[in-house]
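Structure first, commentary second.
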Amino acid sequence: MSKKFNLLMDTCKNYVKSNKEENRERDKEPFNKLVKVIDNNSKLEQRLDILLNGYTMSKLAKGGESPAALNRGNRPECGGVNGDTEHPMTKCMYYNNKENTSNNKCEKCFLKKTPWVNRSKRYEVFNYQIPMPFKHRICSVGKIDLIVKDKVDNKLFAVEVKPEKGNNESLSRMMAEILTYTTILEYSAQKNGEEYQLLDGKYQLSPAIAFFEKYDGKETKQCEMYNYYNDIHDENFNKLIGKISVFIIKKIDMGNGIQGFEFT
Numbered sequence: 003m004s005k006k007f008n009l010l011m012d013t014c015k016n017y018v019k020s021n022k023e024e025n026r027e028r029d030k031e032p033f034n035k036l037v038k039v040i041d042n043n044s045k046l047e048q049r050l051d052i053l054l055n056g057y058t059m060s061k062l063a064k065g066g067e068s069p070a071a072l073n074r075g076n077r078p079e080c081g082g083v084n085g086d087t088e089h090p091m092t093k094c095m096y097y098n099n100k101e102n103t104s105n106n107k108c109e110k111c112f113l114k115k116t117p118w119v120n121r122s123k124r125y126e127v128f129n130y131q132i133p134m135p136f137k138h139r140i141c142s143v144g145k146i147d148l149i150v151k152d153k154v155d156n157k158l159f160a161v162e163v164k165p166e167k168g169n170n171e172s173l174s175r176m177m178a179e180i181l182t183y184t185t186i187l188e189y190s191a192q193k194n195g196e197e198y199q200l201l202d203g204k205y206q207l208s209p210a211i212a213f214f215e216k217y218d219g220k221e222t223k224q225c226e227m228y229n230y231y232n233d234i235h236d237e238n239f240n241k242l243i244g245k246i247s248v249f250i251i252k253k254i255d256m257g258n259g260i261q262g263f264e265f266t
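The sequence shown begins at 3 in my numbering and counts up by one.
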């Protein structure tokens, strides 16, 4: 088993249930550090040093080739999913909305009665669960949850997504995680002399986070804190969302047990 290293994202604390001021304190120190990461004057090495919490890429490197990385994007059909974490959710968001994809495995899937149907006119679920380039896979870092494409601006977002149910992960943790991924990709691009490649060409991936507006009729903790920071005009938060796009996922009842979703 790989050794666990505490990166900046691992030091971010989860939210508590009903105390906005305490939750703000939990985000305060990570926000201070993340603002330095998005500073236009900060060098790549400086940003990595903050996000990796002082560790070097060579110290964290796993080494070896990843079959998942080598077969990136080669996903002709879904084999069914199980569970209610972000992985099966993002998998369904991708396959259930991909053109020319066989859905013949859906009958074996626990989501068969409530598949995720994308109702966004502007945004396409382009890919999901994307690993880091195999030469620069590091301990403690997983995969990008979703790649979302803006069909108007032809722009791709690397998106950290949280499920709607029972999730208290902080906005600072989500931001730190997606900035870690995109900064590692930038590092890899510099070392390899090319941008991160996905299926139909080379794109630069912009960082983004996504969370649900509501669960069971109530605001999710992420949406509550997002609105709170906007209401109080939190300076560091405003700087961060100027660089990290935020998608709020709204569910749409389409009838017959089918749930639509929309990125707003």
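Note that the Cβ used here is the ideal one computed from N, Cα and C, for glycine as well.
Membership of Phe7 in any alpha helix (DSSP H) is not indicated, and neither H nor E is assigned to it by DSSP.
Restricting attention to Leu10, Asp51, Gln48, the CA atom closest to the CA of Glu31 is found in Leu10.
In the DSSP assignment, Phe265 is bridged to Ile251. The continuous alpha helix (DSSP H) containing Tyr230 extends over residues 223 to 233.
According to the DSSP secondary-structure assignment, Lys216 is paired through a beta bridge with Glu221. In this model, Ile52 and Lys35 are separated by some 7 Å (Cα to Cα). Of Lys38, Thr92, Gln224, the smallest CA-CA separation from Lys241 is found for Lys38. If you compare the alpha carbons of Ser142, Asn156, Asn99 with that of Asn55, the shortest gap goes to Ser142.
Assignment of Asn129 by DSSP, reduced to helix, strand and coil, places it in the strand class. Take Thr182, set aside five residues on each side of it, and the residues of its chain with a beta-carbon closer than 8 Å to its own are Leu9, Leu10, Met11, Leu53, Leu54, Val143, in chain order. Separation of the CB atoms of Asp147 and Arg124 is rounded to 19 Å, and the pair is thereby denied contact status at 8 Å. The alpha-carbon of Tyr130 is positioned some 24 Å away from that of Cys14.
Beta-bridge annotation (DSSP): Asn120 is paired with Phe263. Put simply, the backbone Cα of Gly259 is about 21 Å away from that of Gly168. Shown here, Ile140 sits in a strand according to DSSP, grouped into three states. For Asp147, the three-state secondary structure derived from DSSP is strand. Ranked by how close their Cα comes to the Cα of Lys145, the residues Glu226, Ile132, Ile251, Thr222 have Ile132 in first place.
For Ala178, there is no enclosing beta strand (DSSP E); the residue is part of the alpha helix (DSSP H) that begins and ends at 173 to 194. In the DSSP assignment, Glu162 falls within the unbroken beta strand (DSSP E) covering 157 to 163.
Cβ neighbours of Phe214 within its own chain (closer than 6 Å, five residues either side excluded): Glu166, Thr222, Ile251. The C-alpha of Asn25 lies about 6 Å from the C-alpha of Val18.
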